[in-house]
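Chemist: Before we start, here is the structure in question, set down as structure tokens.
In the working numbering, the protein residues as written are 1267 to 1571.
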């Protein structure tokens, strides 16, 4: 009973946070944003807790060393920046969105989007909402999948992302996969967050030689639609967001081929995240046996903040 009450209180608090955030965020001065980010990071690391411990463990696997407090503070600050930017995004102009994003590998992605279609797999790194908004305002309409929590939260996130130009499909929709294939064929770019295996139905791959399971959704959509598959990792650079778009992942048939395609995603994610580990906002179990137990009670194949 106590756990249920605690969960309900947490959901209520989260709902209040997002409702207030989208009302206040577009009007919050950047000086206030920076104060919240820096002070929040220091307080969070000083207090510690389960999520911070898990974040430190994930960073240890990602970097090969145990993170010090400086890296943890940078990681929490990056997470808070992502959150505050999401609240502020509805108030950003087209020119501000474009001005905040720089890329590498963009040319091949645009050629594919204008031709056979494009599917982009990305981890929880940088600001994926800003990446989606940038794609939309620069001529690449985005379709994505979001985890459907309680109806009010899902409605709020759907409204938020649709206001940025994205098509949002619920992970609970039994027709999600064919809808994504149709989206590709309609000329939309399908962007899917693809590091955590929330459903427990992902494929086995390795990340820095450590066994993990990752969702196969991007590879499946790419194979079924004939679209090119790209891995992409976002990281903060100064006051902007850098999007590093990797080379196309070659289609391969069968389950072994599917695993090989997801392994290429994992290799690219691991390589890029090692360069800016503080921007990988993963504070849930990912490596090892604890991840399997934790993921068995959650839903997946979609992004969650």
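Glycine included, C-beta positions come from ideal geometry on N, C-alpha and C.
Grouping DSSP H, G and I as helix and E and B as strand, with all else coil, what is residue 1543?
Modeler: In the structure shown, residue 1543 sits in a helix (DSSP, three-state: H, G or I).
Chemist: Closest by CA to residue 1479, which one among 1527, 1443, 1319?
Modeler: Taking only the C-alpha atoms, the option nearest residue 1479 is 1527.
Chemist: Would you give the residue range spanned by the alpha helix (DSSP H) that residue 1339 belongs to?
Modeler: Segment 1335-1354, the alpha helix (DSSP H) holding residue 1339.
Chemist: Could you tell me how far apart the beta carbons of residue 1303 and residue 1350 are, in whole angstroms, since I believe they sit closer than 8 Å?
Modeler: About 7 Å; that satisfies the 8 Å criterion.
Chemist: Using 8 Å for Cβ pairs, my map puts residue 1498 next to residue 1408. What's the rounded Cβ distance?
Modeler: Not quite, the Cβ-Cβ distance comes to about 12 Å (not below 8 Å), so this is no contact.
Chemist: For residue 1479, which of helix, strand or coil comes out of DSSP?
Modeler: Strand.
Chemist: Quick check: what's the CA-CA separation for residue 1542 versus residue 1502?
Modeler: If I take the Cα positions, the gap works out to 8 Å.
Chemist: Residue 1430 and residue 1395 look like a contact to me (Cβ under 8 Å); what is the Cβ gap, rounded to whole Å?
Modeler: With 8 Å as the limit, residue 1430 and residue 1395 qualify as a contact, their Cβ atoms being about 7 Å apart.
Chemist: Restricting to Cα atoms, I'd like to know which of 1508, 1413, 1337, 1446 is closest to residue 1465.
Modeler: Nearest of 1508, 1413, 1337, 1446 to residue 1465, Cα basis: 1413.
Chemist: Could you say which of 1371, 1299, 1341, 1309 lies nearest to residue 1508 if we only look at CA atoms?
Modeler: The option with the nearest alpha carbon to residue 1508 is 1371.
Chemist: Could you pull the DSSP bridge partners for residue 1473 from this structure?
Modeler: DSSP, once it has assigned bridges, lists 1476 as partnering residue 1473.
Chemist: Mapping the DSSP letters down to three states, classify residue 1441 as helix, strand or coil.
Modeler: In the structure shown, residue 1441 sits in coil (DSSP, three-state: anything other than H, G, I, E or B).
Chemist: Leaving out five residues before and five after residue 1505 in sequence, what residues of the same chain have Cβ atoms less than 8 Å from its Cβ?
Modeler: Within the same chain, residue 1505 has close Cβ partners 1366.
Chemist: Could you please give the first and the last residue of the uninterrupted beta strand (DSSP E) stretch that includes residue 1494?
Modeler: Segment 1494-1503, the beta strand (DSSP E) holding residue 1494.
Chemist: Measure the C-alpha to C-alpha separation of residue 1554 and residue 1360 and round it to an integer number of angstroms.
Modeler: Straight-line Cα distance between these residues: approximately 42 Å.
Chemist: Leaving aside the five residues before and after residue 1510 along the sequence, list all residues of the same chain whose C-beta is less than 6 Å from its C-beta, in chain order.
Modeler: Within the same chain, residue 1510 has close Cβ partners 1370, 1499, 1538.
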